[in-house]
Every structure is written in C-alpha cells, then in structure tokens.
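As structure tokens, the structure follows; a few thoughts come after it.
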Amino acid sequence: AAIIVAVAAANLATPSAAQEVPPELNERQHEILRIVRNADGYIDEALHAEFWTPIPEEMRDQLGALMEEVLSGGIADIRKDFLEQSWVAARASLDAGRVVRPASYIEARDALLNAWDNSGYIRSSRESVEQGERLLEAAANGTPLDTADGKVYITLDMIEQVMDSLDASEERFRKLASPTWDDELREYRYPEARVAILSTAPFTQSKDSITLVNGVEMPSVNLSQTQSEDAYLEVMYAPFSFQVSDPVKVVRGAIEGGMEAIGTSANSPAIENWRGMTSSYGSAHAITSDGSFHVTMRAVFLPDKNALLQFIAVSTLSGADALLRIGELESSTMILP
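Given below as structure tokens:
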C-alpha cells in the first residue's frame, strides 16, 4: 500500500525570498512527488520524464534548483529531523495508547518552526507540525489518518516500514529534482546484508525473519526496491543458528518456503551452481486477492558465512520480465567479505 512518508515534506509552491514563483505543478506531478516519497515508492526514467515534460525548458533549472534547495542546507536537515522524530513519537503514542511527545520530538518541532523568518516557510512548517500532530493522534487513538492517497491506519508495521525507508525516499527525490535523468549505476553497500549492489537507486533495508519449510525461523536482513508500478526486487540475508550439513536441502527449502509464503509453489525447484556455491532456483505464477503476478527466486547457501542469500523478482507483466530482472539483480550484486 502507498504510504506517505513526507509528513514534513517541502512545499514546492513556496519560493524563497530570492526566487521567482516556480511553475505551478499539475495534479499528476503532485502524484509523482508522492510516488517518489512513498515508503514503497520508486523512480525510473519514464516517471522522471512524465514529471519534467510539462515544465517549460526555460523554467526547469529554476524548479530543479528549488527542489535541490529542499534537500540541502540546514533547513533540509531540520525538516528531515522533524520527520524522523514524528514517527518516533508515533511509535511511542501507539505503544502508550495516548499522545506522547518525547523531548526529541518537541525539540525538532520547535527547531522547524523557528528555522527561518519567512512567511511562506512559516506557513508550510506550521502545516507540517499540524500534520505531525494528526499522525500522533491517529497512532494513539487507532483512528485513520487522512493522507493524499486516502485514509490509512498507523500500525507498527507501517511505522517500521516508513522509518526504514526515509533515506531511500530522500535519494529518490534527489534524482527527481534534477531536470536531466541520471541513469548511472552507483554502488550501494549494505554490510548487514553482506552485499554491495550496483543500481540507479537505493534499496530500503529492514529486519525481519523467515520460516523454512521445516518450521525453523531465522532472523533476516531484507533489502527491497520497487522498480516501477509493475516490478519489485528483494535481496534477503539470513544467518543460520545451526551448522548446515545439507546445503541442497536448505536452499530448496528456502524456495519452497518463500513460494508458500506468497500463496503459490514452484514446480520442483532446480539445484544449480551459483558462483561456485549451492543454489536453488524457481519460478511461479500467483493469483491472489491483490491480483496476478509472476515471481522468480534464487536461494544461495554461503558456506563461509553459514548463511542464506536469497534474490526475489516480482513482475505483474510476465514471467519473462521477472526472469530478466532477477538476472540483472544477481549480476549487479557482489557478496562482501
């Protein structure tokens, strides 16, 4: 589900004192801003082009500079801190069943309100604080919060997802802020997941657990990336709490358990050599209440770490698309020492 993370997001219609009024964004451009900022959001070349095409060329640099201003400088840090502390306070309010405003939230709120003596900034920062307060009330009372995407309940899962996604959301917005699309691959390193990945955008890191088909539950570090409205990628790293004696059994069990978790099954997961290590591989087509999708998985046993590394690609387009995406993901991933 789409979750708006920008409780304190920049008001792009508010110019600084030294700027002219930027071009007014249309409804679809505002929607793209929300897509990019969402906890499960994405940015690709098509979405970038759709945002910038309606902007006259002579005004693109001006709007890009304004968006970049949102991301840089002391005020940007103050906005980000208030956003983070709003969700920390939401977690505390959810746990307590009443509105809780930790000292860190109050400090961040006051810093936001007093950061700049500009009428436009003061207005937008007050709106951000009001929205933050509504977030706390919704978390405390179990009532729905009104967002641009409709009403949502503030749950523990949502809070954790948003907190995990803040940095990735910020970087996606930075890519959107440039009038020129940047398709350069960058290395993103995730030491806890023991991988480095070449990608045009960052992955969101979170911690979870997986259950193998034999019922064994293992803590995991998950890296996820929504690539478009039709495709999703995930990399999962999970160390075993026992010494694995049969790698074939555990990698096949990981594929079977992963498919079972999404309501489908792979036909006889294949056992393959992957970079000199034992792996299992499977694909399936699933039909659920949320729609139809194709999924491809690879599970690899890392003998030097006694751990499982799993790649997942999901596509609503076709099995061939999921196959292509997991291949690109695997070739773009380096296992860290």
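Each residue of the sequence shown is one higher than the one before, starting from 69 at the first, in the numbering used here. Each residue gets a CB set at the ideal place from its N, CA and C atoms; glycine is no exception.
| Mapping DSSP to helix, strand and coil, what is Ile-278? | Here residue 278 is taken as the residue at index 210 of the sequence shown, counted from 1. If DSSP states are grouped into helix, strand and coil, Ile-278 belongs with the strands.
| field | Proximal residues to His-353 (C-beta, below 6 Å), its chain only, five neighbours per side dropped | value | Position 285 of the sequence shown, counted from the start, is the residue given in the question as residue 353. Excluding its 5 nearest sequence neighbours in each direction, His-353 has C-beta neighbours in its own chain below 6 Å: His-362, listed in chain order.
| task | Mind reading off the beta-carbon distance from Phe-241 to Gly-200? Whole number of angstroms is fine, and I expect it under 8 Å. | result | For this step, residue 241 is matched to residue 173 along the sequence shown. For this step, residue 200 is matched to residue 132 along the sequence shown. Between Phe-241 and Gly-200 a beta carbon distance of about 19 Å is seen, past the 8 Å cut, so the two are scored as non-contacting.
| message | I'd like the list of long-range same chain contacts for Leu-162, defined as Cβ closer than 6 Å, with 5 residues on each side in sequence excluded. | response | As a working mapping, residue 162 is identified with position 94 in the sequence shown. Within the same chain, Cβ atoms closer than 6 Å to the Cβ of Leu-162 are found at Ala-207, the five residues on either side in sequence being excluded.
| task | Measure from the alpha carbon of Thr-364 to the alpha carbon of each residue in Ala-375, Ser-348 and Lys-373, then state which is nearest. | result | Along the sequence shown, read from residue 1 onward, the residue named residue 364 stands at position 296. Between Thr-364 and the set Ala-375, Ser-348 and Lys-373, the nearest pair of CA atoms involves Ser-348.
| Enumerated in chain order, which unbroken segments of the beta strand (DSSP E) with a length of 3 residues or greater are wholly contained in the stretch 87-124? | The beta strand (DSSP E) runs of length 3 or more contained entirely in the stretch 87-124 do not exist; there are none.
| request: Drop a sphere of 10 angstroms on the beta-carbon of Glu-113, count the other beta-carbons inside from all chains shown, and report buried for 16 or more, exposed for fewer. | output: For this step, residue 113 is matched to residue 45 along the sequence shown. It counts as exposed.
| query | Under the three-state reduction of DSSP, which class applies to Val-220: helix, strand or coil? | reply | By one-based count along the sequence shown, residue 220 stands at place 152. Here Val-220 sits in strand by DSSP.
| query | Quick one, which of Val-230, Asp-129, Ser-309 and Glu-118 has its alpha-carbon nearest Asp-108's? | reply | Against the sequence shown, residue 108 aligns to sequence position 40. If you compare the alpha carbons of Val-230, Asp-129, Ser-309 and Glu-118 with that of Asp-108, the shortest gap goes to Val-230.
| task | Compare the beta carbon distance of Gly-132 and Ser-237 with 7 Å and say whether it is the shorter of the two. | result | Numbered from its first residue, the sequence shown carries residue 132 at position 64. Numbered from its first residue, the sequence shown carries residue 237 at position 169. Their beta carbons are not under 7 Å apart, which means Gly-132 does not touch Ser-237 by this criterion.
| Pick from Leu-392, Glu-136 and Leu-203 that is closest to Ala-157, judged by C-alpha positions | Looking up residue 157 in the sequence shown gives position 89. Per the Cα distances, Leu-203.
| said: Taking only three categories from DSSP, how would you classify Gly-331? | reply: Position 263 of the sequence shown, counting from 1, holds the residue named residue 331. If DSSP states are grouped into helix, strand and coil, Gly-331 belongs with coil.
| Buried versus exposed call for Tyr-256 [16 or more other C-beta atoms within 10 Å across all chains shown] | In the sequence shown, counting from the first residue as 1, residue 256 sits at position 188. Label assigned to Tyr-256: buried.
| Tell me which same chain residues have a C-beta within less than 7 Å of the C-beta of Trp-120, skipping the five on either side of it? | Against the sequence shown, residue 120 aligns to sequence position 52. Hits under 7 Å: Arg-128 and Pro-247.
| Taking C-alpha atoms, which residue in Trp-342, Tyr-173, Thr-294 and Ala-117 lies nearest to Glu-383? | Here residue 383 corresponds to residue number 315 of the sequence shown, with the count starting at 1. The sequence shown places Ser at residue 383, rather than the Glu named in the question. Taking only the C-alpha atoms, the option nearest Ser-383 is Thr-294.
| task | Thinking Met-402 and Ala-306 are a contact (beta carbons under 8 Å), I'd like their distance in whole angstroms, please. | result | Stepping through the sequence shown from its first residue, residue 402 is reached at position 334. Stepping through the sequence shown from its first residue, residue 306 is reached at position 238. Going by Cβ atoms, the distance from Met-402 to Ala-306 rounds to 18 Å, so no, they are not a contact pair.
| query | Going by DSSP, which residues form a beta bridge with Val-289? | reply | Here residue 289 is taken as the residue at index 221 of the sequence shown, counted from 1. Partner(s): Lys-275 and Tyr-305.
| message | Pull the bridge partners of Met-345 from the DSSP assignment, please. | response | The sequence position of residue 345 within the sequence shown is 277, counting from 1. DSSP lists Trp-342 as partners of Met-345.
| query | Are Val-312 and Asn-374 touching if we call contact CB-CB under 7 Å? | reply | Reading the sequence shown from its first residue, position 244 is the one you call residue 312. Reading the sequence shown from its first residue, position 306 is the one you call residue 374. In terms of Cβ geometry, Val-312 and Asn-374 form a close pair [threshold 7 Å].
| task | Using 10 angstroms around the beta-carbon of Ala-299, count the other beta-carbons present and answer buried if the total reaches 16, otherwise exposed. | result | Residue 299 sits at position 231 when you count from the first residue of the sequence shown. Classification of Ala-299: buried, given that the 10 Å Cβ count is 16 or more.
| request: Could you pull the start and end residues of the alpha helix (DSSP H) that Ala-179 belongs to? | output: For the purposes of this step, residue 179 is taken as residue 111 along the sequence shown, with counting starting at 1. Run containing Ala-179: 171-181, per the alpha helix (DSSP H) assignment.
| task | Identify, in the order they occur along the chain, each residue of the same chain with its Cβ nearer than 6 Å to the Cβ of Ala-381, setting aside the five sequence neighbours on each side. | result | Position 313 of the sequence shown holds residue 381. Excluding five sequence positions before and after Ala-381, the CB atoms of its chain that fall closer than 6 Å to its own CB belong to Leu-301, Thr-364, Ala-390, Arg-393 and Ile-394, given in chain order.
| said: According to DSSP, is Ser-399 part of a helix, a strand, or is it coil? | reply: Walking along the sequence shown from the start, residue 399 turns up at place 331. Here Ser-399 sits in helix by DSSP.
| message | If I follow the unbroken beta strand (DSSP E) through Phe-361, where does it start and stop? | response | Within the sequence shown, the letter at position 293 stands for residue 361. Where Phe-361 is concerned, the enclosing beta strand (DSSP E) starts and stops at 359-370.
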